[in-house]
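Chains as they are written, first to last, in the working numbering: chain A, 51 to 460; chain B, 48 to 445. Built from N, CA and C at the ideal position, the CB exists for glycine as well. Note that the structure is predicted; figures quoted are calculated from it, not measured. Accompanying notes for the structure given below.
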Amino acid sequence: MRKGLMYFDIIVIGMGLSGLMAAKTAVESGMKVLIVGKGMGTLCLFSNTIDLLGTIPLSMEVEKGLYKWIIIHPEHPYSKVGLENIKKSFLEFNSIFSSHYSFKNENERNCLIPTPVGTLRPTYMIPNTMVPWNHQEEKRVILGFKGFKDFYADWIARRLNSRSITLSIPDLIRNEVTQIHLSRCFEKRLFRERIINEIKKHLQGEKFLGFPAILGIEDPYSVKSDLEQSLEAKIFEIPVLPPSIPGLRIFNRFKEWLIAKGATFLMGYQVTKAILKGKRCEGIEVSNAPITNLYCADRYILATGRFIGGGLKATSNSSLFETIFNLPVTKPKNQNEWFRKNFFDDHMIHEMGILTNKSFQPISNEGDIVLENIWVCGTILSGHKYLYEKSKEGIEISTGYMAVKSALEK
Amino acid sequence: MKQNHYKNDPDPCIRCSICTMVCPVSRVTSLFPGPKQAGPGAQRFRKKRELSVDPWIELCLGCHLCDISCPSGVNISYINLIAKEKFLEEKGRPLRDWILSHFHLFGDLVSVFPSLVNRILRNYAMKWLMDKALRIEKDRELPHYSNEKLTKWFKNHISKGKRKIAYFYGCYTNNHEIDVGKAAIEVLEANDFEVILPKQECCGIPMLGNGNLKGAKKLALKNVSALLESINLGLDIVFTSTSCGHMIKHDYDKILGISEAKEISKHIFDIFEFLRNLKTFGTFNSNFKKLPIKAIYFAPCHLKALGIGLPAIEILRLIPDFKIEYINVDCCGLGGTFGFKKEKYRISQEIGNDLKKAINYLNPDIVLTDCEGCRIQIRHLTGLKVLHPIQILRDVIK
C-alpha cells in the first residue's frame, strides 16, 4: 500500500448529497474520512425537498410503490440498494437534523408542493418550513418582494388560484436583492417586524401565507414560527429558482456534522489524477495551483454527479466519459439517439451512466469489476432517469449510504 | 485548482450563482451585487480602454470563498482584483489606502518608542482626527505595537535542534504579536528543529487587497529571492499567518506571475500542516500536559483557500482534557485593511456579527484562529481572549 502524507481509510470524491451521505456513513463506521469536491456540489442549486419516487401515485403508500418498482426495474439503483436499506438510509439522513430544520412526509405518501413557477410537483419529504402546504385551501396569499428576481408571486399565485402581495424591501440600496441577503434579513427580528406590519396592511383575512424559501439560513423554523405568531396565520415556504437556500441548509448541516466528527472537508479543489496500479487505485492527486497534493486511502467513493456536477463529460465526437477514473459509461452507439426533438421528451442521455454490480463496484460491459477499491454512488450511476422519476435525492441518499456499507464489507 | 483559467477569463462561468450563496459581503448588503455579477458577469462588458463604471468592485474582500465554491473553476476573486486595480488607478488611490498597506514600514520607526506610539494611536482625539482626515474608522482599535520586535528577541535567543527549518513570521507577528512567533519557535525546537529566520519583507497582501499589484510584486520579488536561498540550503519554510502563507504559496505565482515562486510553493507549509506531517512520519512530540478548558476554533478564509483541511484542530484534539469545537461560520469580516476603512466598517461589522452570535452561543473560554486579521476582529467583536493555536500548543508541551 502506497502511503502519501495524508492517509485515510476512505476518500469520498464529490460534495453533493450522495458524497455527503457517503462521508457520513463512513464516519459513523469509525473510518478516517476525507471528502473532497471541486466546488460546493449541486445540492445548493436544485434540492429543496427530498424526492424518493415521484411516479408513485399520491394514493399509494410509498413503500408499496417502491416495492413494486424494484420488481419491475432490476437494474435501477433502488433495486441494488433494496427496500430495507433505502429505509435505513432515510433514517440515517434524518438523524442529523434537529427541530430547527427537519424533514417530514405526509402519511408515508408522496405529496404535491408548488414549484417556483406555480405548478405542482410530487415529492416525498418536505422540510418543516414548507408544511402546511395545503392545495385545497382556498384563502391563500403568496408573498413576493420587489427586486427579488427569482420568485414572482403574481405569476405563482395566478396558477395556484391565490392572491398575491408584492412588498417593497425596507432599506434596499440597489434595486436588486439576492436569496442569501434576503434570507439573512429575515433572521433579524427588526426586519421581520417591518415586514409583518407591511403584510398586515394587505391581508384580507387569509390564514395561509406562502413565502419564497428564504426564511433564514441557520434557524428557519424559528423564523417561520415567529411570523406565524405575529400574523396569526400559517406560513409555508415555496421553493425559488436556483440557487436553493433549502439546499444550502442541508449542505451546511452535513458540513458542520462531518467536521465536528473529525472528517477532513476539502472544498474547492479538483482531483486531477488517479494513480492506478493494476485493478486498484493507490492515490489521488488534488491540484491547488501551483502545487499538487497526494491523498491515499484503502477505499474510494466516486460521487461526482453527472454533467453539471462534472462527473460525466461529453465531447463532440460521440464520446462520453467519466472524468476521474475513466470508468466505462453506458451509452447508445449512435449520438443521434442521445437526444429527442422536444425538451420534455424522454432523452436517452439521462439513462447513461456508470454500470455497477450489486455492490456498486464499477463493471465493464462484460460484467468484470474494473477497479476493485472504487465504489460508485449518486446520479452518476446508470439505470435511472431521475428527472422523470423524481428520484434525485432518494438515489443520492440511498446509494451514498449503500456504497459505503458495501465498501466496508470488503 | 483552476489552473486553466487563472487569468481573468469569465467564459467557464455557467451563472449557477453558488458563489453568491457563500459571499460574505453579498450576505449582508445589497450594495455589492455578488461575485457572479461583479466578477464574470461584469467582466464580459469591461474593456481595457473604457473607464470603469462599477465602484462597488472595491467591496470585494478577497476572501476566496467564491473561488472555493465555484464548481466551474472560475477564479472569481482574481477577476474582481484586476477590475479593482483598474478602477483605483483611474480614480486615484487615497492616502489612507497607502498608509494601511504600508503599515510594515512603520515597524522600525515605532520600535524606538513603542509605548508612546501606542498611546497616540489609542488617544481619542487622534482617532477622531484620523477618522475625519483619513477616513480610518475611529471605532476600530489600531494594532498595538509590542515593546520588542520578534527579530530583536531572536538575536539573543539560541535555537538548537538536529534539523534546520526556516520560519516566515510576517510583519504582524514581528511588530504586534511577537508571542505567536516565540510560540512557533519554541514548538519547533521542542520537535528538535533549529529555527532560522530568513530575511523578509511584508508578504504584500495588504497591497494586493488594495488593488496595488505592482507594489505587491516589488515586495514579493524580494521575498522570493530570500526564501529561495533558504530552500537552496535544503530547508523547508513554515508560516504562522495563513494570509501571508497563502499569498506566498499561491498568489505569488498565480496572481503576480512570479514563476520562480513555484519552487517555494513546494517547500512552504502552514505550521500545523508541517506538524501534522511530522505526526504522519512518527516524529511529532505529542507529550502534552492536560489543559481542561473549552476552546472554539475558527477557520480563516485563507486557510480554507490553502486547501489543507484543518490541521490545527487535528493536532489540538490530541491534547488531554482540552475541549475544542469547530465553529461553522464563514469569514470574520475584517478582510485585512477593509475593516479599518470608514466607509466599509459597517459592512465588516455586519459580517462579523454572524460570527459573534455563533461564538456567544457556544460560550467558550477562549477562541483560536490562525489569522491575525481574524484575531483582531474577534477580539473587537466579543472582547474574548483570542490566540493563535500555536500558543496553546506551546503551553501544553511538557
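- Three or more beta-carbon pairs separated by less than 8 Å link the stretch 289-302 of chain B to the stretch 311-329 of chain B, which places the two stretches in contact.
- With contacts defined by Cβ atoms closer than 8 Å, A/T406 and A/I399 do not form a contacting pair.
- Looking at A/I245, A/I246, A/R213 and A/A347, the one whose alpha-carbon comes closest to that of A/E256 is A/R213.
- For chain A, the residues of the stretch 68-80 of chain B that bring a beta carbon within less than 8 Å of one of its beta carbons are M68, V69, C70, S73, R74, V75, T76, S77, L78 and P80, in chain order.
- Proximity of the stretch 272-284 of chain B to the stretch 222-236 of chain B falls short of the contact definition, fewer than three beta-carbon pairs being nearer than 8 Å.
- Against A/M71, chain B offers no close residue; the least beta-carbon distance is about 18 Å (beta-carbon pairs closer than 8 Å).
- B/C117 is a Cβ neighbour of A/G89, given a cutoff of 8 Å.
- Residues of the stretch 75-99 of chain A with a Cβ closer than 7 Å to any Cβ of chain B, in chain order: K88, G89, M90, C94 and L95.
- Here the C-alpha atom of B/M68 lies approximately 30 Å from the C-alpha atom of A/N160.
- Taking 8 Å as the CB threshold, A/G360 lines the interface with chain B.
- With respect to chain A, the C-beta atom of B/D178 has no partner C-beta closer than 8 Å.
- Here A/Q320 has K88, V336 and S337 as same chain residues with Cβ atoms under 8 Å from its own Cβ, once five neighbours each way along the sequence are excluded.
- The beta carbon of B/P59 sits no closer than 8 Å to any beta carbon of chain A.
- Excluding the 5 residues flanking it on each side, B/V157 has same chain C-beta neighbours closer than 8 Å at V164, Y192 and N222, in chain order.
- For A/A283, there is no enclosing alpha helix (DSSP H), as DSSP marks it with neither H nor E.
- Taking B/E419 as the centre and dropping the five residues before and after it, the same chain places the C-beta of Y219, E224 and S288 closer than 7 Å to its C-beta, in chain order.
- Looking at B/F79, B/W103, B/S119 and B/G81, the one whose alpha-carbon comes closest to that of A/G359 is B/S119.
- Collapsing the DSSP output to three states places A/P164 in a strand.
- Distance from the Cα of A/S409 is smallest, within the candidate group A/M402, A/K440 and A/V420, for A/V420.
- DSSP places A/I192 in no alpha helix (DSSP H) but in the uninterrupted beta strand (DSSP E) bounded by R190 to F195.
- In the three-state DSSP reduction, B/E419 falls in the helix class (H, G or I).
- Scanning the stretch 93-164 of chain B from its first residue to its last, the whole alpha helix (DSSP H) runs of 4-plus residues come out as 112-116, 123-138, 142-148 and 150-157.
- Between the C-alpha atoms of A/G444 and A/D101 there is a straight-line separation of about 6 Å.
- When DSSP states are grouped into helix, strand and coil, A/I63 belongs to the strand group.
- Annotation: A/F236 to A/I230 spans about 10 Å, alpha carbon to alpha carbon.
- Counting other Cβ atoms within 10 Å of its Cβ, B/A346 reaches 16 or more and is therefore classed as buried.
- Among the CB atoms of chain A, one or more fall inside 8 Å of the CB of B/S312.
- Among the CB atoms of chain A, none fall inside 8 Å of the CB of B/G281.
- Contact note: A/L298 reaches chain B through M68, using a C-beta cutoff of 7 Å and chain order.
- When C-beta atoms of the stretch 138-156 of chain B are compared with those of the stretch 409-423 of chain B, fewer than three pairs fall below 8 Å, so the two segments do not count as touching.
- A straight-line Cα-Cα distance of about 8 Å links B/L128 and B/G109.
- Positions of the beta strand (DSSP E) runs, each at least 3 residues long and wholly inside the stretch 335-401 of chain B, are given as 341-344 and 370-373 in order along the chain.
- Secondary structure at A/W307: helix, using DSSP grouped into helix, strand and coil.
- The alpha-carbon separation between A/T314 and B/E361 amounts to approximately 9 Å.
- Counting only runs that start and end inside the stretch 221-299 of chain B, the beta strand (DSSP E) elements of at least 3 residues fall at 240-243 and 284-286.
- For B/K351, the number of other beta carbons within 10 angstroms of its own is at least 16, and it is reported as buried.
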